[in-house]
Structures are given as C-alpha cells and as structure tokens.
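Heads up: the sequence lines are chains A and B, in that order.
So the first sequence is numbered by our numbering: it starts at 25 and just counts up by one.
So the second sequence is numbered by our numbering: it starts at 4 and just counts up by one.
Ideal Cβ positions, reconstructed from N, Cα and C, are used throughout, including at glycine.
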Amino acid sequence: MRARSHPTGGAWWRSARALVFVCALAPALRLVLWPVFDLAGANPVEFVTRSSGTWTLVMLCLTLALSPLRRLTGWSEWIRLRRMLGLFTFFYAVLHVLTWLWLDQWFDLVGMVRDIIDRPFITVGFVAFLLMIPLAATSTDAMIRRLGRRWGQLHRLIYLIAPLAILHYLWHKSGKNDYAEVSIYAAVLGVLLGLRVLFRWRRRASAHSPRS
Amino acid sequence: MLIRISDTTEPNGSEITSERAYFNRRRWLASTVAGLAGSATSASVLGAAPGAPDAKSVAAAPARKILQGDDPKAQRLAATPSELSTIERPTSYKWVTTYNNFYEFGTDKDDPPRHAHRLRVRPWTIEVEGAVARSRTFDIEELLRMAPLEERIYRMRCVEGWSMVIPWIGFPLSELIRRAEPTGSAKYLEFITLADPKQMPGLRSPVIEWPYTEGLRMDEAMHPLTLLTLGLYGQVLPNQNGAPVRLVVPWKYGFKSSKSLVKIRFLDKQPVTSWMKSSPTEYGFYSNVNPGVDHPRWSQASERRIGEDGFMARKRPTLMFNGYGAQVASLYSGMDLTRFI
C-alpha cells in the first residue's frame, strides 16, 4: 500500500481530531447525565462504575490499535491520535477509580487499603492504574523531548497495563463464570499485541535476510 | 426429627424497627380507630395504645391495606398484613420488578424482566419427595388455597452488596412441610428450580450447574419467617421475580431464596447447592447475612438500598442476620459463623 500524506495542520485534520475528541468524551457525558436524570437504573453507582471501566478498556483498545493501523494501512497519521486516546484511557480510568474512592468507599482510607490488600481483582486494577500515572505525566511534548529514548522504554509499560486490566475484569466476572465480554476485550488486545510481535519478528527476519 | 423453632415466635419489635417508629405506627392504628369510632372513644384508645400494645388492640384495629403495584394488568392476590413486616419504606414496584437476579433468564439485572415473559406459569406443580411418608405433588391452585395468605414486608439483602424492602405475599413454608409429612430422617430440604431451555434462555450459559438447587436445614425451613411466596405488591409474582411460587428466607443472602420451585426433596444429609459447586470458597451452605464475614471479592459490612441510597449517598451498615437476629440467632447457637458461612 502506498503511503499518502495529508496536510498536517490543515482544516480537515483539525476537524477530524475534534470529531474524535467529541466522540471520546460523549460516554463521559452519559456517565454524568444519566444518573442526574435518573436514567441509570436501580443502582446508579454500579452503572457509573461499570460504564467507566468499560470505556477505559475501549479507549485502551483504540489507543493500542493505532500503530498496527499505521502499519496495515500505510497511513502514518493514525499515530497522531495516540496521545489524545491514551489520555482518554487515563481519563476514564481516573473516573473509574474516583467512583470507587468516592461513591463506593466515601474516602474511607482503611476500607480502601483493606480492599486493595484483600481483594486480588482490586489489587490488580489498582496496580494497573498506578502504572498509568507516569505515562499520563510524561505525555507532554516537553517530557517527550526531555526523556528521549527512555520515553519509549517507559511507555512500553502499556504492554503490562493492558493484561493487568484484563485480569482485573476477568477476576471481577469470575463469580458468575460469565466470561463473554471479557473474552472479547482479551481477544482484541491479544490481536493488537500479537500483531506487534508479528511485525517485529518480520522486521527482524527481513533485516537478516540478504537484499535482492 | 430435629425441628427446633425459636421459643419466641412473637418477634421482638425493637429488633425489627426502631421503638419510635413502632409506637408511631401504633398511634397511627389507634388514631384510625379513633377516627372511625368517633371522638368519644379516641381519648381512651390513644391513652392505652403507646403504653400497652397488645394483640387485642391490633386485632381490633382495621386492617391496613396491603401494598399494591402499579401494573394494572396484574392479577391481584388478597392477603392480610403480617405483624412480622418491617415498617421500613418498601422499594418501589418498578425497581423490585426490573432489577433482578434470575440467571435462568440471563446474568444481567435487566435480562429477567426482558426474557421472563417466556415462562409458562400454568400448569405448575411442586413435587415433594425423599424422606416423606409418601411422595406427592402439590398443584399451584392447591398451594394458593393451602393457608391464609399474608403480606410480609421483608428486607432482602443480596450477596452482591445491595438491598431492597419487598412486600411479599405468601404463607410459612412450615404449612407445606407439615402436609408433606417428613419422616424422622428428614434433616435437610433441597429446593429445585425449573430448568427448561425452551422457556429459559439463560440456561445456555454455563454460569452454574442447572437446575438451580438450594437448601435449608429443617429448623431453618420450619422457622416462621421462612415464607413460601406466591406474590408481591398485592399481585401474583411477576415472572422475573420467580413466578409462580418461590421461597423467601429474609435473614440469608437473596440467592438462598429459590425461585420458580418445581421440586422439594427431604434429605438426611446436607445437600450441595448449585453455588457451592460453582464457587465453594465464595458461597457456603448457610449464607446467613453477616457483616463480619466478607465475600472474597468485596466487603459485606455495608449495603446500598436500591432506590434510596442513590448516586450521592453513602451505603448503610449491614445488620447481622439482616436484622432478624432476635428471631433466628438461636438457630445457630454454638456454631462458629465465620466457619459455617
């Protein structure tokens, strides 16, 4: 496939970015408005907890889809959405943790610490969240410049965060032996991570083979 | 046979409700009587009511109307209010009938209300077998006439950490047990829920082993609070709530209250329930509501009352035996309830 280029700062690109931004923010509006207008069902806190968790995973999948997309379509502009979607992943994770911290635990420190220690699915989820903080903190241009090569190394943490997030969801669902939704996310992330391994392996193979 | 019923069948009022609320209700009953009887008698009734609430004065008071749902098509069920009811505010009919765990119709809360219309509730029978004088079958119409129907407003605490207050209609399970004539070796009861893939789409998923089975010890089953339930909110049970006949055991987590019963087995040994097979570390045979024993994946110390503890409200503390300790604690005397979960 032939690589095409677009005017990087053009109006087309700006409106496309704005559209992605609005779409990514829409679930957050629903998250706040549904409980306010009594549309979130019998258990609004459960609704907000689950919805914010779901959208964290969706954003994570979308973020990780961009570099394989660049490779598969040959269109490099995909990657320019990565920071925004990555930060949206963090944004929904913050809402998810905040719901637990505030609406579920009411900042009861003892209860929270007990939850983190006693319950493996919360332990794993919390670790995944903590690992996301340095990634969000180093997402600025200045930090990218300052960290140089180490920036890339640091951001490989996402390959640890993604499986932890899946494990968190899987353990949460294990009580009902209901793995239908978890396995969808696991499969998508599996493909996205698998593609990276495949691409790397191919690159290495082609680097070692004699050129024709 | 080991049938032990609490010595005090009369509930301890202060245990169920606050004393103030209790007397407020007495006063309300009394003032209703007064209103009907005229002002001449009101002084004496009011004077007597708060100090000495005895059975006679309650019997003399006009029966409180039983609570009605807001589905005009529902088939009504007559009942009389029970003294075993809590006076806590009942959860709205809407939430009681739309936020349901009934895995035979799917594991999401809104699956049962969406799919339970496929359940055929007539004809319906409950088979009784095992350690009984003779195996027999009770027809649903027979059950509806078996004993006087009472409205029992009970707290319902789900193991997932939420609770409701539901006006059930039914009669003590002991009425059925007596008619089943259990033999001396009957120590436990096993309850079996319908499992028909044609009516129940949830059976396709291997969440737990179907049919859904639950169990009680004989003394638990004979306890006056244990209700064989045929209705709620003044009507026959909606399908998603376990129509046409289910169990309600208010001091245990909700899953112990089996729905859509088709069989009751009397056994000499403790049965292994569906949940015990599925997650033995998470769900024990007793599963009494106990704020001191956490579920492996969440704390049981507090609960969210559906419809009341809304978006910006703290959870309320969970009570031992769901607040029915005065009536049922004696069933478990000498047992370590952190071990017998």
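As assigned by DSSP and simplified to three states, the class of residue i
| i | result |
| --- | --- |
| A/Val69 | helix |
| B/Gln238 | strand |
| B/Gly187 | coil |
| A/Ile103 | helix |
| B/Arg67 | coil |
| B/Asn325 | helix |
| B/Trp301 | strand |
| B/Glu91 | coil |
| B/Gly257 | helix |
| A/Ile141 | helix |
| B/Thr229 | coil |
| B/Asp142 | strand |
| A/Phe114 | helix |
| B/Lys266 | strand |
| B/Ile211 | coil |
| A/Ser75 | helix |
| B/Glu86 | coil |
| A/Gly149 | helix |
| B/Trp165 | strand |
| B/Glu306 | strand |
| B/Tyr102 | coil |
| B/Arg319 | strand |
Cut-off 6 Å between Cβ atoms - residues of its own chain near residue i, not counting five sequence neighbours on either side
| i | result |
| --- | --- |
| B/Phe141 | Ile129 |
| B/Asn179 | Reading off the sequence, residue 179 of chain B comes out as Leu, not Asn. Only Leu231 meet the Cβ criterion. |
| A/Phe114 | Met156, Ala160 |
| A/His232 | none |
| A/His120 | Ser76, Gly77, Thr80 |
| B/His310 | According to the sequence shown, residue 310 of chain B is Gly rather than His. Result list for B/Gly310: Thr94, Ser95, Trp98, in chain order. |
| B/Lys255 | Ser290, Asn291 |
| A/Ser198 | none |
| A/Trp58 | Ala64 |
| B/Ala375 | Residue 375 of chain B lies beyond the residue range present for chain B, which begins at 4 and ends at 344; the question has no answer from this structure. |
| A/Gln129 | Gly135, Met136 |
| B/Leu219 | Leu192 |
| B/Arg307 | Trp165, Lys318 |
Closest residue to residue i among the options (Cα-Cα distance)
| i | options | result |
| --- | --- | --- |
| A/Ala186 | A/Leu81, A/Pro59, A/Leu49 | A/Leu81 |
| B/Lys97 | A/Leu194, A/Gly65, A/Gly34, A/Ser75 | A/Gly65 |
| A/Asn67 | B/Gln330, B/Pro320, B/Thr94 | B/Thr94 |
| A/His179 | A/Cys85, A/Gly110, A/Leu86 | A/Gly110 |
| A/Val215 | A/Ile140, A/Ser91, A/Trp36, A/Phe131 | A/Ser91 |
| B/Arg300 | B/Ile169, B/Glu285, B/Gln330, B/Gly313 | B/Glu285 |
| B/Glu154 | B/Val251, B/Asp297, B/Tyr106 | B/Val251 |
| B/Ala150 | B/Ala81, B/Cys161, B/Pro214, B/Val168 | B/Ala81 |
| B/Ile172 | B/Asp111, B/Ala332, B/Asp199, B/Lys68 | B/Lys68 |
| B/Leu233 | B/Ile143, B/Phe324, B/Pro200, B/Ser302 | B/Ile143 |
| A/Phe150 | A/Asp132, A/Arg169, A/Ala117, A/Phe131 | A/Ala117 |
| B/Gln273 | B/Val248, B/Phe288, B/Leu122, B/Gln78 | B/Phe288 |
| B/Arg181 | B/Pro227, B/Ala316, B/Gly337, B/Leu334 | B/Pro227 |
| B/Glu86 | B/Gln202, B/Leu152, B/Phe324 | B/Leu152 |
| B/Thr229 | B/Tyr215, B/Tyr157, B/Val124 | B/Tyr157 |
| B/Tyr215 | B/Ser281, B/Asp74, B/Val239 | B/Ser281 |
| B/Ala377 | A/Ser100, A/Ile103, A/Thr123, A/Ala40 | Because residue 377 of chain B is not part of the residues shown, which for chain B are 4 to 344, the question remains open. |
| B/Pro204 | B/Val265, B/Phe105, B/Arg160 | B/Phe105 |
| B/Arg198 | B/Ser177, B/Phe174, B/Lys266, B/Ser260 | Looking at the sequence shown, residue 198 of chain B is not Arg but Ala. Comparing Cα-Cα distances from B/Ala198 to each of B/Ser177, B/Phe174, B/Lys266, B/Ser260, the minimum goes to B/Lys266. |
| B/Phe314 | A/Gly176, A/Ala210, A/Val60, A/Gly218 | A/Val60 |
Same chain, Cβ closer than 8 Å to residue i, neighbours up to 5 away in sequence not counted
| i | result |
| --- | --- |
| A/Arg107 | Ser163 |
| A/Val148 | Leu188, Leu191, His192, Trp195 |
| B/Val296 | Gln303, Leu340, Thr341, Ile344 |
| A/Leu154 | none |
Close Cβ partners of residue i (< 7 Å) along its chain, the five nearest in sequence each way excluded
| i | result |
| --- | --- |
| B/Thr100 | Pro116, Pro241, Gln243, Asn244 |
| B/Ser422 | A question about residue 422 of chain B goes unanswered here, because the residues of chain B that appear run from 4 up to 344. |
| B/Trp278 | Ile211, Phe258, Tyr286 |
| B/Thr186 | Ala134, Val135, Ala136 |
| A/Leu171 | Thr162, Leu178 |
For the region 201–212 of chain A, list every residue whose C-beta sits within 9 Å of some C-beta in chain B, in sequence order. Asn201, Asp202, Ala204
Members of the region 272–292 of chain B near chain A, C-beta cut-off 7 Å: Ser281, Ser282, Glu285
Can you list, in chain order, the residues of the region 116–150 of chain B whose Cβ is nearer than 8 Å to any Cβ on chain E? This model lacks chain E altogether, as its protein chains are A and B.
Taking a cut of 9 Å between CB atoms, which residues from the region 139–151 of chain A lie near chain B? Asp139, Asp142, Arg143, Pro144, Phe145, Ile146
Take every Cβ of the region 175–194 of chain B, pair it with every Cβ of the region 212–223 of chain B, and state whether three or more of those distances are shorter than 8 Å. yes
Output, in sequence order along the chain, the residues in the region 57–68 of chain A whose CB is closer than 9 Å to any CB in chain B. Pro59, Val60, Asp62, Ala64, Gly65, Ala66, Asn67, Pro68
Do the region 197–210 of chain B and the region 155–171 of chain B make contact, defined as three or more Cβ pairs closer than 8 Å? no
At a CB distance below 7 Å, what residues from the region 151–166 of chain B approach chain A? Give them in sequence order. Trp165
Within 9 Å of chain A by C-beta, residues of the region 165–186 of chain B in sequence order: Trp165, Met167
Interfacial residues, the region 92–122 of chain A to chain B, with Cβ spacing under 8 Å: none
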